[in-house]
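Trainee:
Chains as they are written, first to last, in the working numbering: chain W, 1158 to 1459; chain Y, 1158 to 1459.
#1: Starting from residue 1238 of chain W, follow its DSSP beta bridges and name the residues at the other end.
#2: Given that a residue counts as buried once 16 or more other Cβ atoms are within 10 Å of its Cβ, and exposed if not, what is residue 1201 of chain W?
#3: Output, in chain order, the set of chain Y residues within a Cβ distance shorter than 8 Å of residue 1456 of chain W.
#4: Taking only three categories from DSSP, how would you classify residue 1297 of chain W?
#5: Mind checking whether residue 1404 of chain Y and residue 1162 of chain Y have CB atoms under 9 Å apart?
#6: In the region 1408-1421 of chain Y, which residues sit with their C-beta less than 8 Å from some C-beta in chain W, listed in chain order?
#7: In the region 1313-1343 of chain W, which residues sit with their C-beta less than 7 Å from some C-beta in chain Y, listed in chain order?
#8: Can you list, in chain order, the stretches of the beta strand (DSSP E) that have 3 or more residues and sit fully within the region 1355-1419 of chain W?
#9: Measuring only between beta-carbons, confirm whether residue 1211 of chain Y sits less than 9 Å from chain W.
#10: DSSP three-state call for residue 1303 of chain W: helix, strand or coil?
#11: How would you call residue 1355 of chain Y, buried or exposed, if buried means at least 16 neighbouring beta carbons within 10 angstroms?
#12: Need the endpoints of the alpha helix (DSSP H) that residue 1455 of chain W sits in, please.
#13: In the DSSP assignment, the beta strand (DSSP E) including residue 1193 of chain Y goes from what residue to what residue?
#14: How big is the Cα-Cα spacing for residue 1166 of chain Y and residue 1345 of chain Y?
#15: Can the beta-carbon of residue 1311 of chain Y be found closer than 9 Å to that of residue 1278 of chain Y?
#16: At which residues does the beta strand (DSSP E) containing residue 1326 of chain Y begin and terminate?
#17: To the nearest angstrom, report how far apart residue 1198 of chain W and residue 1408 of chain W are at their CA atoms.
#18: Quick one: residues in its chain with C-beta nearer than 7 Å to the C-beta of residue 1287 of chain Y, no 5 flanking neighbours on either side, listed in chain order?
#19: Could you check the C-alpha separation between residue 1340 of chain Y and residue 1334 of chain Y for me, to the nearest Å?
#20: Applying the 10 Å Cβ sphere with the 16-neighbour rule, what's the burial state of residue 1253 of chain W?
#21: At what residue ranges does the region 1192-1228 of chain W contain a whole run of the beta strand (DSSP E), taking only runs of 3 or more?
#22: Using the beta-carbon of each residue, which ones in chain W are nearer than 9 Å to residue 1246 of chain Y?
#23: Hey, how far is the Cα of residue 1192 of chain W from the Cα of residue 1434 of chain W?
#24: Quick check: the Cα distance between residue 1360 of chain Y and residue 1331 of chain Y, rounded to an integer number of angstroms?
#25: Can you look up residue 1317 of chain W in the DSSP assignment and give me helix, strand or coil?
#26: Contact defined as beta carbons within less than 8 Å: I believe residue 1400 of chain W pairs with residue 1195 of chain W. What is the distance between those atoms, to the nearest angstrom?
#27: Under the rule that 16 or more other beta-carbon atoms within 10 Å means buried, what is residue 1538 of chain W, buried or exposed?
#28: Grab the span of the alpha helix (DSSP H) containing residue 1282 of chain W for me, first residue to last.
#29: Taking 9 Å as the threshold (C-beta atoms), are residue 1327 of chain Y and residue 1392 of chain Y in contact?
#30: Does any residue of chain W bring its CB to less than 9 Å from the CB of residue 1453 of chain Y?
#31: Less than 8 Å between C-beta atoms, sequence neighbours within five positions excluded: which residues of the same chain meet that for residue 1384 of chain Y?
#32: Which partner residues does residue 1184 of chain W have in the DSSP bridge list?
#33: Would residue 1424 of chain W be called buried (16 or more neighbouring beta carbons within 10 Å of its own) or exposed?
#34: Please return the same chain residues whose Cβ sits closer than 7 Å to the Cβ of residue 1229 of chain Y, not counting the five positions on each side in sequence.
#35: In the DSSP assignment, the beta strand (DSSP E) including residue 1164 of chain W goes from what residue to what residue?
The following block contains the structure:
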């Protein structure tokens, strides 16, 4: 099966402390989350770099999920290592350590079989690299891009250049304000849609997420998760569910993007119930369908 | 036509400065907004007090809208007068003056014809008065209550006493956190639902609003309003649309509460497009239906 969606991002060791426990050097990184989740929908290929110390069990995990990891380079040195903790309210993480290691000089190389990707997701990396990847591939049907406040602060011109080239922009509410320089979400949305993307996905944490085009707004509530164990990767899992569904169906209608939002919400909820990517060790397709129906029911008006 | 819904609250003079202009002593107050809006759905009765200086044109306005104002007392002294302004972002108002005047000693008196109200809305007044009103009427089918951070800060025990007796509690997100003492909305909702009400309506400003029971969550996006003129009364108008629809239909099913949320969103959007209650001078029923369909379409997934 040839690769239907390519993600370029990070594969990392995450050392985590949450109110539910701790984990040392768990599998993490935006591309690990995204590709694992998207693989539940379609064939996903991963482009990232790890060090020589990368745990072979983690590679086996990705392989077992069906992820095409031929774009995962092993470089001399150590794997990107992030350490952080979450308070009782599971709000923003407190970062204790960021050792970029091999990720510092990451220069994405797409294998031959990844160079005509029908769908492309640029996870949160330097916007210069995001642009470079876009320019290097045969034009995909849909390109989506995620970013973070760091790049808005230090590489704004390059970020704007990258954003110009994409169809879907993922941001959270705070990033939407920062990037647009607006004070209200409604005007921020309008301003961001003038920068290039025809669609935004605005993540609003525990509330859910909104997708917006010039003519449509659609809000999906977060799946109710009473038992959060580890919020790491919730956003990348949302993107993995969203893009995985779009890539699987190939349907770019407004209605199908709304379904994609629900799948995003569902996959985010599955990820955060366990540490790292543990939720995906035994995930059944029926669990995804069950949650999809539950979210759908929560927004239905007859 | 006998009164189907009774609102107890304030009728006030509002002196306003917004980025769109200014108004001196415009008609305002929670009960004025609520009753005007609810009258577009069903027969609404108003309980409030004004001073001898109250503008007879405003009384005529309420009468023309079909509001039963037999519960509007005129007391010796001056009408409650609030002065405030809004910044460019139309966020929280800055209060310049609050002259309570006759409202300081407001003691709601319900006319005989208001004492068996099928539906009752307690707008934002002292929680001791809210309790007293509840105890004085024959048990309504549904009681809803609105409040504000002031009462949470200075009269928490009395507020909790009042909340125990109601079915639906209206709060904004900040009030939900303050009242529950929780840091996350999901846990705040859980905690508030243990205080008495079986349903919450959590207003989230420009995003929209959520209704929550122990088993259901439903989110309605704000109607897109590019032309806000005066945000005063948006919350009371939401409540007026919500409760007006419930009172008109008498249907307390989850699905009908979701429709009520949409009517709340619609009526809030109509109010803020003009100063004071000016939007209701010539409002056509078709405009309400048109906006209802537009919001419904924005949340539909097929």
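Glycine included, C-beta positions come from ideal geometry on N, C-alpha and C.
Mentor: By the coordinates alone:
#1: For the purposes of this step, residue 1238 of chain W is identified with residue 81 of the first chain, where counting begins at 1. BP columns for residue 1238 of chain W point to W/1170 and W/1256.
#2: Start at 1 with the first residue of the first chain, and residue 1201 of chain W comes out as number 44. Buried.
#3: Numbered from its first residue, the first chain carries residue 1456 of chain W at position 299. By Cβ distance, chain Y contributes 1375, 1376, 1456 and 1458.
#4: As a first step, residue 1297 of chain W is located in the first chain; it is residue number 140 there, counting from the start. Coil, per DSSP.
#5: Within the second chain, numbered from 1, the residue matching residue 1404 of chain Y stands at position 247. Within the second chain, numbered from 1, the residue matching residue 1162 of chain Y stands at position 5. Yes, they are a contact pair.
#6: 1412, 1415, 1416 and 1419
#7: 1340, 1341, 1342 and 1343
#8: 1356-1360, 1365-1369 and 1374-1378
#9: Locating residue 1211 of chain Y in the second chain gives position 54, where the first residue counts as 1. Cβ-Cβ to chain W under 9 Å: no for residue 1211 of chain Y.
#10: By one-based count along the first chain, residue 1303 of chain W stands at place 146. Here residue 1303 of chain W sits in strand by DSSP.
#11: Residue mapping note: residue 1355 of chain Y aligns to position 198 of the second chain, counting from 1. It counts as exposed.
#12: Sequence index remark: in the first chain, residue 1455 of chain W carries index 298 (1-based). That run of the alpha helix (DSSP H) goes 1442-1455.
#13: For the purposes of this step, residue 1193 of chain Y is taken as the residue at position 36 of the second chain. Segment 1187-1195 is the alpha helix (DSSP H) holding residue 1193 of chain Y; no beta strand (DSSP E) there.
#14: Counting from 1 along the second chain, the entry for residue 1166 of chain Y is found at position 9. Counting from 1 along the second chain, the entry for residue 1345 of chain Y is found at position 188. Rounded to the nearest angstrom, the two C-alpha atoms are 26 Å apart.
#15: Translated into the one-based positions of the second chain, residue 1311 of chain Y becomes position 154. Translated into the one-based positions of the second chain, residue 1278 of chain Y becomes position 121. No; because the gap between Cβ atoms is not below 9 Å, this pair is not in contact.
#16: Within the second chain, residue 1326 of chain Y is the residue found at index 169, counting from 1. Here the beta strand (DSSP E) through residue 1326 of chain Y covers 1325-1329.
#17: Start at 1 with the first residue of the first chain, and residue 1198 of chain W comes out as number 41. Start at 1 with the first residue of the first chain, and residue 1408 of chain W comes out as number 251. Approximately 14 Å between the Cα atoms of the pair.
#18: Start at 1 with the first residue of the second chain, and residue 1287 of chain Y comes out as number 130. Here the set comprises 1279, 1302 and 1319.
#19: For this step, residue 1340 of chain Y is matched to residue 183 along the second chain. For this step, residue 1334 of chain Y is matched to residue 177 along the second chain. Using only the alpha carbons, I get a separation of about 6 Å.
#20: Your numbering for residue 1253 of chain W matches position 96 in the first chain. Residue 1253 of chain W should be labelled exposed.
#21: 1201-1208
#22: Taking the second chain and counting its residues from 1, one reaches residue 1246 of chain Y at position 89. Under the 9 Å cutoff, chain W gives 1339, 1340, 1341 and 1344.
#23: Position 35 of the first chain, counting from 1, holds the residue named residue 1192 of chain W. Position 277 of the first chain, counting from 1, holds the residue named residue 1434 of chain W. The straight-line gap from Cα to Cα measures roughly 11 Å.
#24: Reading the second chain from its first residue, position 203 is the one you call residue 1360 of chain Y. Reading the second chain from its first residue, position 174 is the one you call residue 1331 of chain Y. Roughly 9 Å between the two C-alpha positions.
#25: Within the first chain, the letter at position 160 stands for residue 1317 of chain W. Note: residue 1317 of chain W maps to helix in three-state DSSP.
#26: For the purposes of this step, residue 1400 of chain W is identified with residue 243 of the first chain, where counting begins at 1. For the purposes of this step, residue 1195 of chain W is identified with residue 38 of the first chain, where counting begins at 1. With a Cβ gap of about 6 Å, residue 1400 of chain W and residue 1195 of chain W count as contacting.
#27: Any property of residue 1538 of chain W remains undetermined from this structure, which presents chain W solely from 1158 to 1459.
#28: For this step, residue 1282 of chain W is matched to residue 125 along the first chain. Neither: residue 1282 of chain W is in no alpha helix (DSSP H) and is coded neither H nor E.
#29: The count along the second chain starts at 1 and reaches residue 1392 of chain Y at position 235. The count along the second chain starts at 1 and reaches residue 1327 of chain Y at position 170. It is a contact, given that the beta carbons lie within the stated cut-off.
#30: The residue you call residue 1453 of chain Y lines up with position 296 of the second chain. Yes, its Cβ sits closer than 9 Å to a Cβ of chain W.
#31: Here the question's residue 1384 of chain Y lines up with position 227 in the second chain. Excluding sequence neighbours, residue 1384 of chain Y sits near 1430.
#32: Numbered from its first residue, the first chain carries residue 1184 of chain W at position 27. Paired residues: W/1170.
#33: In the first chain, residue 1424 of chain W corresponds to position 267, counting from 1. Its Cβ being crowded by 16 or more others within 10 Å, residue 1424 of chain W is buried.
#34: For the purposes of this step, residue 1229 of chain Y is taken as the residue at position 72 of the second chain. If we look at residue 1229 of chain Y and ignore the five residues flanking it on each side, its Cβ neighbours are 1168, 1203, 1205 and 1207.
#35: Indexing the first chain from 1 puts residue 1164 of chain W at position 7. First-last of the beta strand (DSSP E) with residue 1164 of chain W: 1162-1165.
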